[in-house]
Amino acid sequence: GQIIHPALVHAAHLHGCTLPHPAVAPIPQESSFHLQSLLELIDTPFPNDPVGYIQSCCLAALHLLNGQDISLGRDCLLKANGVVQKFGLHLVAPAVTPPREITAPLLALDAADELRDALCQLVYIDRACGLLFQLPTLLSHQFTQELGNFLVSFLLPW
(Lines of atoms letter the chains of each structure in order from A and count residues from 1; the text may use other names and numbers.)
(Lines give C-alpha, C1' and ligand atoms only; values in the text may rest on other atoms or scores of the structure.)
Protein backbone atom coordinates (compact mmCIF):
# COMPACT_ATOMS: atom_id res chain seq x y z
CA GLY A 1 0.00 0.00 0.00
CA GLN A 2 2.91 2.45 0.13
CA ILE A 3 3.78 2.38 -3.57
CA ILE A 4 0.50 1.18 -5.05
CA HIS A 5 -2.75 2.48 -3.62
CA PRO A 6 -4.85 -0.24 -1.93
CA ALA A 7 -7.68 0.43 -4.41
CA LEU A 8 -5.44 -0.74 -7.26
CA VAL A 9 -4.57 -3.88 -5.28
CA HIS A 10 -8.29 -4.63 -4.83
CA ALA A 11 -8.86 -3.94 -8.54
CA ALA A 12 -6.11 -6.41 -9.46
CA HIS A 13 -7.58 -9.07 -7.16
CA LEU A 14 -11.07 -8.37 -8.51
CA HIS A 15 -9.94 -8.89 -12.08
CA GLY A 16 -8.02 -11.99 -11.01
CA CYS A 17 -11.25 -13.39 -9.56
CA THR A 18 -13.00 -13.00 -12.90
CA LEU A 19 -10.35 -14.75 -15.00
CA PRO A 20 -11.12 -18.40 -15.64
CA HIS A 21 -8.54 -20.81 -14.24
CA PRO A 22 -8.94 -24.55 -14.77
CA ALA A 23 -7.51 -25.55 -11.39
CA VAL A 24 -9.42 -23.06 -9.23
CA ALA A 25 -13.16 -22.66 -8.93
CA PRO A 26 -14.34 -19.02 -8.72
CA ILE A 27 -15.19 -17.78 -5.25
CA PRO A 28 -18.06 -15.25 -5.54
CA GLN A 29 -17.55 -14.00 -1.98
CA GLU A 30 -13.96 -13.04 -2.77
CA SER A 31 -15.01 -11.16 -5.88
CA SER A 32 -17.75 -9.35 -3.93
CA PHE A 33 -15.30 -8.44 -1.16
CA HIS A 34 -12.79 -6.89 -3.57
CA LEU A 35 -15.49 -5.04 -5.53
CA GLN A 36 -17.02 -3.61 -2.36
CA SER A 37 -13.58 -2.65 -1.00
CA LEU A 38 -12.67 -0.98 -4.30
CA LEU A 39 -15.95 0.95 -4.44
CA GLU A 40 -15.52 2.12 -0.85
CA LEU A 41 -11.98 3.31 -1.55
CA ILE A 42 -12.96 5.29 -4.65
CA ASP A 43 -15.84 6.90 -2.80
CA THR A 44 -13.39 9.66 -1.86
CA PRO A 45 -10.68 10.92 -4.25
CA PHE A 46 -7.09 10.22 -3.29
CA PRO A 47 -5.72 13.69 -2.44
CA ASN A 48 -2.11 12.87 -3.32
CA ASP A 49 -2.63 10.47 -6.22
CA PRO A 50 -5.11 11.64 -8.86
CA VAL A 51 -3.60 9.26 -11.45
CA GLY A 52 -4.04 6.25 -9.15
CA TYR A 53 -7.59 7.39 -8.47
CA ILE A 54 -8.40 7.66 -12.19
CA GLN A 55 -6.87 4.23 -12.79
CA SER A 56 -8.87 2.71 -9.92
CA CYS A 57 -12.11 4.24 -11.18
CA CYS A 58 -11.42 2.99 -14.71
CA LEU A 59 -10.72 -0.56 -13.54
CA ALA A 60 -13.86 -0.55 -11.40
CA ALA A 61 -15.86 0.78 -14.36
CA LEU A 62 -14.51 -1.94 -16.66
CA HIS A 63 -15.53 -4.64 -14.21
CA LEU A 64 -18.98 -3.19 -13.66
CA LEU A 65 -19.69 -2.49 -17.32
CA ASN A 66 -18.57 -5.99 -18.23
CA GLY A 67 -20.98 -7.32 -15.61
CA GLN A 68 -23.76 -5.16 -17.10
CA ASP A 69 -24.05 -2.78 -14.14
CA ILE A 70 -24.01 0.16 -16.52
CA SER A 71 -25.24 2.76 -14.04
CA LEU A 72 -22.61 2.02 -11.41
CA GLY A 73 -19.90 1.65 -14.06
CA ARG A 74 -20.70 5.07 -15.49
CA ASP A 75 -20.75 6.48 -11.97
CA CYS A 76 -17.12 5.35 -11.62
CA LEU A 77 -16.28 7.16 -14.87
CA LEU A 78 -17.99 10.29 -13.54
CA LYS A 79 -15.89 10.11 -10.36
CA ALA A 80 -12.71 9.89 -12.42
CA ASN A 81 -13.85 12.80 -14.57
CA GLY A 82 -14.51 14.82 -11.41
CA VAL A 83 -10.89 14.37 -10.36
CA VAL A 84 -9.71 15.33 -13.86
CA GLN A 85 -11.65 18.57 -13.55
CA LYS A 86 -10.69 19.20 -9.91
CA PHE A 87 -6.97 18.87 -10.66
CA GLY A 88 -7.20 20.55 -14.07
CA LEU A 89 -5.67 17.56 -15.85
CA HIS A 90 -5.26 17.57 -19.63
CA LEU A 91 -4.34 15.04 -22.28
CA VAL A 92 -1.23 16.61 -23.77
CA ALA A 93 1.23 14.94 -26.10
CA PRO A 94 4.87 15.01 -25.02
CA ALA A 95 7.03 17.69 -26.67
CA VAL A 96 9.29 14.95 -27.97
CA THR A 97 8.16 11.37 -28.33
CA PRO A 98 10.99 9.23 -26.98
CA PRO A 99 11.87 6.21 -29.09
CA ARG A 100 10.70 2.87 -27.73
CA GLU A 101 11.93 -0.57 -28.50
CA ILE A 102 9.34 -2.44 -30.53
CA THR A 103 9.75 -5.51 -28.33
CA ALA A 104 9.82 -3.59 -25.04
CA PRO A 105 6.68 -3.60 -22.89
CA LEU A 106 4.67 -0.41 -23.07
CA LEU A 107 5.37 0.94 -19.63
CA ALA A 108 4.98 4.55 -18.59
CA LEU A 109 8.29 6.36 -18.96
CA ASP A 110 7.56 8.99 -16.33
CA ALA A 111 4.72 10.56 -14.31
CA ALA A 112 3.49 12.61 -17.29
CA ASP A 113 3.39 9.47 -19.43
CA GLU A 114 1.44 7.63 -16.73
CA LEU A 115 -1.06 10.50 -16.57
CA ARG A 116 -1.50 10.36 -20.36
CA ASP A 117 -2.05 6.60 -20.12
CA ALA A 118 -4.71 7.01 -17.41
CA LEU A 119 -6.51 9.76 -19.31
CA CYS A 120 -6.46 7.74 -22.55
CA GLN A 121 -7.90 4.79 -20.65
CA LEU A 122 -10.68 7.00 -19.27
CA VAL A 123 -11.52 8.38 -22.71
CA TYR A 124 -11.44 4.90 -24.26
CA ILE A 125 -13.76 3.36 -21.67
CA ASP A 126 -16.15 6.30 -21.89
CA ARG A 127 -16.30 6.10 -25.70
CA ALA A 128 -16.58 2.31 -25.74
CA CYS A 129 -19.41 2.49 -23.20
CA GLY A 130 -21.15 5.09 -25.35
CA LEU A 131 -20.88 2.95 -28.46
CA LEU A 132 -21.86 -0.34 -26.85
CA PHE A 133 -24.77 0.96 -24.84
CA GLN A 134 -25.75 3.87 -27.11
CA LEU A 135 -25.19 6.45 -24.40
CA PRO A 136 -23.72 9.95 -24.60
CA THR A 137 -20.16 10.59 -23.51
CA LEU A 138 -19.68 11.62 -19.90
CA LEU A 139 -16.51 13.58 -20.63
CA SER A 140 -16.25 17.17 -21.74
CA HIS A 141 -15.80 18.27 -25.34
CA GLN A 142 -12.30 19.32 -24.23
CA PHE A 143 -11.29 15.64 -24.09
CA THR A 144 -12.43 15.03 -27.65
CA GLN A 145 -10.34 17.94 -28.85
CA GLU A 146 -7.33 16.97 -26.72
CA LEU A 147 -7.55 13.35 -27.86
CA GLY A 148 -7.59 14.48 -31.50
CA ASN A 149 -4.54 16.69 -30.95
CA PHE A 150 -2.80 13.89 -29.08
CA LEU A 151 -3.39 11.37 -31.86
CA VAL A 152 -2.30 13.82 -34.57
CA SER A 153 0.98 14.40 -32.69
CA PHE A 154 1.84 10.72 -33.18
CA LEU A 155 0.91 10.72 -36.85
CA LEU A 156 3.12 13.71 -37.74
CA PRO A 157 5.59 14.07 -39.33
CA TRP A 158 5.09 11.21 -41.75
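Numbers given in our numbering equal positions in the sequence shown, counted from 1, plus 9. Built from N, CA and C at the ideal position, the CB exists for glycine as well.
Around the beta carbon of residue 73, a 10 Å sphere encloses 16 or more other beta carbons of the protein chains shown; the residue is thus reported as buried. The count of Cβ pairs closer than 8 Å, one atom from the stretch 116-126 and one from the stretch 76-83, stays below three, leaving the stretches out of contact. Here residue 88 is buried, its C-beta having at least 16 other C-beta atoms within 10 Å. Sorting 101, 135, 127, 138 by C-alpha distance to the C-alpha of residue 157 places 101 at the top. Annotation for residue 29: no alpha helix (DSSP H) segment contains it, and DSSP assigns it neither H nor E. Annotated as distal: residue 56 and residue 62, with beta-carbon spacing of 7 Å or more. With fewer than 16 neighbouring CB atoms inside 10 Å of its own CB, residue 142 falls in the exposed class.
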